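If you count by the numbering used here, then the sequence shown holds residues 119 to 389, one letter each, in order. First comes the structure, then the notes that go with it.
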Amino acid sequence: MRAGRASPASLAATGGVGGLFSGLTGVGGGAVMVPLMTGVLKMSQHTAHGTSLLVIIFAALAGALTYLVNGSAEWALVATLLAGSAIGAYAGARLVQLLPALRLRQLFGVFLLALGARLLVFHDTSAMLSTSGLAEHALGAAIGLAGGLSSGALGVGGGAIFVPGLVILLGTGQHEAQAASLNVIVVTAMVGAFTHYRHGTADPGSAAWIIPAAVPAGVGGAMLADQLDAGVLQRIFALVLVGVGTQMLVSATRALRRPAAAHGVVLEVGR
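Encoded structure:
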């Protein structure tokens with residue numbers, strides 16, 4: 119889909135919702151924008167992924183700067199995640215050209231559901247793994263790699279893996295994890311968006327309408343998050359993971375069943 123096929127109001131609304139979601143939860147916003155782009159804006163799945171990443175660059179940057187002003191950024195954490203995330207984003211954006219996008223959405227949906235349920239049931243933010251020094255940096259890089267892969271492949275920022283990975287595995291505070299996530303997302307989204315653009319699966323024209331709404335919404339979301347208690351913020355994030363995971367799993371499963379159902383009808387008619 120190219121710019122002009124959807125109304126400016128629809129494009130701006132998509133950016134506003136995605137930006138607010140990004141700033142409030144510390145993820146890129148793609149988990150909300152991709153379904154809106156495919157459902158409301160009628161983009162193809164792959165084009166929605168690439169276009170979402172273009173928008174995420176600016177939405178995440180706005181949120182990251184807001185967290186920085188509020189003193190929540192930990193640069194050592196950011197550097198550790200970046201070590202793996204840029205590689206993951208490039209690999210994911212290339213892999214998605216070869217793999218069925220709907221299968222990827224199914225797997226990612228299950229993963230988000232599991233993470234969200236874990237955060238809802240266990241509110242303790244102490245580290246699941248006791249690591250320090252080189253091992254801690256290696257684990258952080260692994261979290262970055264996994265988040266980068268999901269970013270490039272699914273058109274999301276990777277924060278849905280960065281944030282719970284830092285909170286659950288390393289015991290990072292919710293605000294600090296979200297701040298680090300947004301900083302890293304800026305880089306992973308750049309890598310993923312560039313790779314998608316080279317493959318023709320990004321729509322800069324539509325992104326040009328979405329970004330101006332996403333940026334102020336991202337700032338507003340980050341400012342709101344800074345005012346919330348860490349426990350409340352974690353529960354909001356967990357509910358978002360469960361909701362988005364359910365949506366991704368159900369929509370992908372339904373889409374995969376349609377060709378099978380159509381094939382069954384053809385076989386029945388042919389008898």
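Even for Gly, the Cβ is constructed at its ideal location relative to N, Cα and C. All values derive from a computational prediction rather than experimental measurement.
Short of 7 angstroms in beta carbon distance, which residues of its chain neighbour Ala-104, apart from the five on each side in sequence? Order them along the chain. The shown model of the chain, from 119 to 389, leaves out residue 104, and the question about it has no answer.
Using only CA atoms, which one of Ser-140, Arg-223, Thr-165, Gly-181 lies nearest to Thr-371? Arg-223
Measure how close the beta-carbons of Ser-140 and Leu-159 come, nearest whole angstrom, since I'm counting them as under 8 angstroms. In fact, because the Cβ distance is near 18 angstroms, the residues do not count as touching under 8 angstroms.
Which value, in whole angstroms, describes the spacing of the CA atoms of Val-362 and Phe-229? 11 angstroms
Check for me: the alpha helix (DSSP H) holding Thr-78 runs from which residue to which? Residue 78 lies beyond the range of the chain shown here (119 to 389); nothing can be said about it.
Give the DSSP-derived three-state secondary structure of Asn-188 in the structure shown. coil
Cα-Cα separation, Ala-331 to Gly-134: 5 angstroms
Any alpha helix (DSSP H) of 4 or more consecutive residues that is wholly inside the segment 278–348: 292–316, 322–345
Would you report the Cα separation of Ala-149 and Asp-347, rounded to the nearest angstrom? 24 angstroms
For a test of the three-state rule: what should DSSP assign to Leu-359, helix, strand or coil? helix
Pro-126 lies in the alpha helix (DSSP H); which residues open and close that run? 126–143
Test item: CB-CB of Val-145 and Val-274 under 8 angstroms: yes
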